[in-house]
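Only one structure is covered here, and it is reproduced in the block below.
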Amino acid sequence: MMMKACLNGARLPSAHPTLPTTPSQLAAEAVDVWAAGADAIHVHVKDAAGFDTLAAHPMAKVLEAIRTAADGLPIGVTTGAWAESDPAERVATIRSWDALPDFASVNWHEDGADDVATALMDHGVGVEAGLWNSEAVANWARSPIRDSCQRVLIELPPEPDPTVTTRRAEDMFEAVATANDARMPVLLHGEGSSAWAALAIAAQHGLSTRIGFEDTLQLPDGRTAPSNKALLEAAWTIVRTE
């Protein structure tokens, strides 16, 4: 299985005292989570105000800083519509990148997913198919570039009841299995109140997973996590006991 560290997400700097947003902060976090056992990282590049951006210059600065500090650690980024709402502009911005991540997530419930994924693939960037719900699975199943994706991301919504999270995971497993002719790898993760239950389910099924400040700010016991590294360490403890 692969353990990915998702370092910041769409959160603003005020969300947590140590949330990394600048290139230097993201580079330092990359070093720390790599030492804690992360196999890859996922980052959201920020503008000067701390909002997500896909713009080429900030992207290049973040990638350069991380690769200088943690050369060899695979880096993924978001292409979420909240960073650029217009699908055509999103594609144009991606095509303007001169520094490239190793992979990027594409949300198949968003308009223009096929075009965004194609722009990434034309750059040689691996595509993670982000599947949040049954509609996204159906969209991806019809996509002509479905089998060219690098992996599937099953993303579960917040849910305080672990039994509900388990049922949702099983429903998504079944839906994805029907569409996943290429049998590409699956990464399962949750968000907020479902984050730790989803991670345990992934471990039970031998699937790749992820954890970090994007998915949760809390340790499994409910305490506020001091760092992404602490979340990674807690995640490995769960994985080893499942």
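The sequence shown begins at 195 in my numbering and counts up by one. Beta carbons: idealized from backbone N, C-alpha and C, even for Gly.
* Asked: Which of the three DSSP states, helix, strand or coil, is assigned to D375?
  -> The residue given as residue 375 occupies position 181 in the sequence shown. DSSP places D375 in coil when its eight states are reduced to three.
* To do: Could you tell me if H238 is buried or exposed, where buried requires 16 or more neighbouring beta carbons within 10 angstroms of its beta carbon?
  => Here residue 238 corresponds to residue number 44 of the sequence shown, with the count starting at 1. So H238 ends up on the buried side.
* Asked: Are A224 and K198 touching if we call contact CB-CB under 9 Å?
  -> As a working mapping, residue 224 is identified with position 30 in the sequence shown. As a working mapping, residue 198 is identified with position 4 in the sequence shown. Not a contact, by the Cβ cut-off of 9 Å.
* Asked: Under the three-state reduction of DSSP, which class applies to T418: helix, strand or coil?
  -> By one-based count along the sequence shown, residue 418 stands at place 224. Reduced to three states, the DSSP call for T418 is strand.
* Excluding sequence positions up to five away, which residues of its chain have a Cβ less than 8 Å from the Cβ of N333? -> Taking the first residue of the sequence shown as 1, we reach residue 333 at position 139. Only W302, H303 and A307 meet the Cβ criterion.
* Beta-ladder partner(s) of I269, from DSSP -> Taking the first residue of the sequence shown as position 1, residue 269 is located at position 75. I235, per the DSSP bridge assignment.
* Nearest to L213 (by Cα), restricted to the options T431, H236, S421 and I432 -> Here residue 213 refers to the residue found at position 19 of the sequence shown. Of the candidates T431, H236, S421 and I432, the one whose C-alpha sits nearest the C-alpha of L213 is S421.
* Residue nearest to L401 in terms of C-alpha spacing, selected from A369, L381, A389 and E427 -> Position 207 of the sequence shown, counted from the start, is the residue given in the question as residue 401. The option with the nearest alpha carbon to L401 is L381.
* On a CA-only basis, which of T216, M315, G416 and V310 is nearest P281? Give me that one, please. => Within the sequence shown, numbered from 1, the residue matching residue 281 stands at position 87. Checked all of T216, M315, G416 and V310; the closest Cα to P281 is V310.
* Start-end ranges of the alpha helix (DSSP H) lying completely within the segment 302-370, minimum 4 residues -> 307-316 and 328-336
* Can you tell me which of the three DSSP states D226 falls into? => Taking the sequence shown and counting its residues from 1, the one referred to as residue 226 is at position 32. Note: D226 maps to helix in three-state DSSP.
* Would you tell me roughly how many angstroms separate the C-alpha atoms of I395 and R362, rounded to the nearest one? => On the sequence shown, position 201 is the one that residue 395 refers to. On the sequence shown, position 168 is the one that residue 362 refers to. Between I395 and R362, the C-alpha separation is close to 11 Å.
* To do: Give the C-beta separation of T247 and K240 to the nearest angstrom, bearing in mind that I take them to be a contact with Cβ-Cβ under 8 Å.
  => For the purposes of this step, residue 247 is taken as residue 53 along the sequence shown, with counting starting at 1. For the purposes of this step, residue 240 is taken as residue 46 along the sequence shown, with counting starting at 1. Going by Cβ atoms, the distance from T247 to K240 rounds to 6 Å, so yes, they are a contact pair.
* **Residue of A323, A391, R336 and L220 minimising C-alpha distance to M184** => For residue 184 there is no data in the structure shown, the boundaries of the chain being 195 and 436.
* To do: Please state whether DSSP places L257 in a helix, a strand or coil.
  => Walking along the sequence shown from the start, residue 257 turns up at place 63. Reduced to three states, the DSSP call for L257 is helix.
* Measure the beta-carbon distance from P352 to S328 and round it to whole angstroms, keeping in mind my assumption that it falls under 8 Å. => What you label residue 352 is simply residue 158 of the sequence shown in a count that begins at 1. What you label residue 328 is simply residue 134 of the sequence shown in a count that begins at 1. Actually they are not in contact, since the Cβ atoms of P352 and S328 sit about 18 Å apart, beyond 8 Å.
* Go ahead and pull the three-state DSSP assignment for L381. => Stepping through the sequence shown from its first residue, residue 381 is reached at position 187. L381: strand per DSSP, three-state reduction.
* Asked: Can you pull the DSSP bridge partners for V433?
  -> Residue 433 sits at position 239 when you count from the first residue of the sequence shown. DSSP output for V433 lists no bridge partner at all.
* Provide the residue span of the alpha helix (DSSP H) that contains T287, from first to last. => As a first step, residue 287 must be located in the sequence shown, where it is residue number 93. Run containing T287: P281 to R289, per the alpha helix (DSSP H) assignment.
* Asked: Start and end of the beta strand (DSSP E) containing A199?
  -> If you number the sequence shown from 1, residue 199 lands on position 5. According to the DSSP assignment, A199 belongs to the beta strand (DSSP E) that extends over M197 to C200.
* **Short Cβ contact (9 Å threshold) for L411 with T403** => By 1-based counting over the sequence shown, the position of residue 411 is 217. By 1-based counting over the sequence shown, the position of residue 403 is 209. No.
* **Secondary structure of T216, DSSP reduced to three states** => Here residue 216 is taken as the residue at index 22 of the sequence shown, counted from 1. Note: T216 maps to coil in three-state DSSP.
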